[in-house]
Structure formats: C-alpha cells, structure tokens
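For the sequence shown, the residue numbers in the numbering used here are 23 to 150.
For glycine and all other residues, C-beta sits at the position ideal for the given N, C-alpha and C.
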Amino acid sequence: RLLFVPRQPHDRMMRLLSLVDAALDPYPWGMGVTAFEAFSLCIPVVTIPSMTTVLQLTLGQYRKMEIFDLVVDTVESYNSIVHRLGNEKEFHTNIAKRICAAKHLLFKDEYVVKEWSAMIEKLALTSQ
23 RLLFVPRQPH DRMMRLLSLV DAALDPYPWG MGVTAFEAFS LCIPVVTIPS
73 MTTVLQLTLG QYRKMEIFDL VVDTVESYNS IVHRLGNEKE FHTNIAKRIC
123 AAKHLLFKDE YVVKEWSAMI EKLALTSQ
C-alpha cells in the first residue's frame with residue numbers, strides 16, 4: 023500500500039515513519055533529511071538520483087554505507103525494486119539488516135565532527 027501524508031509535526035512523522043516497510047525518495051525533489059531519519063530506523067529507501075533536480079542526498083548516504091541495491095536509474099527499475107521490497111520478505115529483511123549494520127557510518131563519523139569544528143572555528147576567527 024502506498025500512502026501520501028501531508029506535512030506532520032516531527033514527532034508524529036517519526037512515529038508514522040517507524041511503521042513503514044520502505045520509503046520512496048520522490049523525484050524530482052528527493053527526501054533530504056527524511057532519508058537520514060528513515061535510515062536511523064533501518065528503513066530501506068528507494069532512490070533514483072538521475073531524476074533528482076536537487077542535491078542527491080540519499081545517494082550520498084548510500085555511498086557512505088556502501089549499499090547500492092536500492093539506487094536505480096530508470097522509472098522501470100524504481101518500480102521493480104519497490105515491488106521487490108513489498109513482496110519479497112527475504113530481500114526486504116536483508117536490506118534492512120544491512121542498513122542497520124551500516125547506519126553508524128552516517129551518524130557517528132568523527133571526520134565530519136572535526137570538519138564542522140574546523141569550519142566553525144575558522145568562521146569565528148574571521149568574524150573578529
């Protein structure tokens with residue numbers, strides 16, 4: 023079943039997101055931060071970066087986790103992978119487990135913390 027939900031308060035959106043089997047990275051806009059939130063819950067996200075007109079954030083997240091099964095390049099393959107996620111329990115479970123095992127790469131990256139710290143320090147020094 024496919025549900026379209028209007029904008030929600032964050033806590034309600036997270037509760038709703040926790041109930042889904044998979045999320046669809048919509049094109050041409052993309053999920054943005056919502057993909058991070060889906061991955062934090064080990065939820066597979068199907069993405070088609072070649073049709074996204076804004077930042078390809080979900081593709082970058084999958085690159086970081088080294089998971090590419092749900093990154094597709096045509097509408098046909100997008101539809102096919104969505105169908106597999108919904109109908110092949112073993113495929114879905116395997117992907118979700120791999121996301122769970124790799125999501126720390128998105129949320130606990132010391133390099134990113136150091137880069138942000140350096141940038142903030144540089145901005146603080148140049149504003150004096």
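Heavy atom of the ligand FAD within 6 Å of residue i beta-carbon
i      : result
Thr115 : No copy of the ligand FAD appears in this structure; indeed no ligand is present at all.
One or two residues paired with residue i in a DSSP bridge
i     : result
Ala45 : Val67
Val93 : Thr69
Unbroken alpha helix (DSSP H) run spanning residue i, endpoints
i      : result
Phe129 : His126 to Phe129
Trp138 : Glu132 to Thr148
Leu38  : His32 to Leu39
Arg85  : Leu79 to Met87
Glu59  : Val55 to Ser62
For residue j and residue i, believed in contact at Cβ under 8 Å, the rounded distance
i      : j      : result
Ile103 : Val68  : 5 Å
Thr80  : Ala57  : 4 Å
Leu151 : Met87  : Since the displayed the chain opens at 23 and closes at 150, residue 151 lies outside it and no answer follows.
Lys66  : Leu107 : Before going further, note that residue 66 is Pro rather than Lys in the sequence given. With 8 Å as the limit, Pro66 and Leu107 qualify as a contact, their Cβ atoms being about 6 Å apart.
Spatial distance of residue i from residue j (CA atoms)
i      : j      : result
Ile70  : Gln30  : 24 Å
His114 : Ala140 : 40 Å
Gln83  : Lys144 : 27 Å
Gln78  : Gly52  : 7 Å
Arg150 : Glu137 : Before going on, a small fix: residue 150 reads as Gln here, not Arg. The alpha-carbon atoms of Gln150 and Glu137 are separated by roughly 21 Å.
Arg34  : Lys119 : 24 Å
Phe61  : Thr148 : 36 Å
Val97  : Met73  : 9 Å
Val135 : His126 : 14 Å
Ile89  : Ala146 : 37 Å
Exposure of residue i, with buried meaning 16 or more beta-carbon neighbours within 10 Å
i      : result
Asp95  : exposed
Val93  : buried
Ile117 : buried
Ala123 : exposed
Tyr100 : buried
Pro50  : exposed
Proximity test, Cβ basis, 7 Å: residue i and chain B
i      : result
Glu132 : Included in the structure is just one protein chain, with no chain B present.
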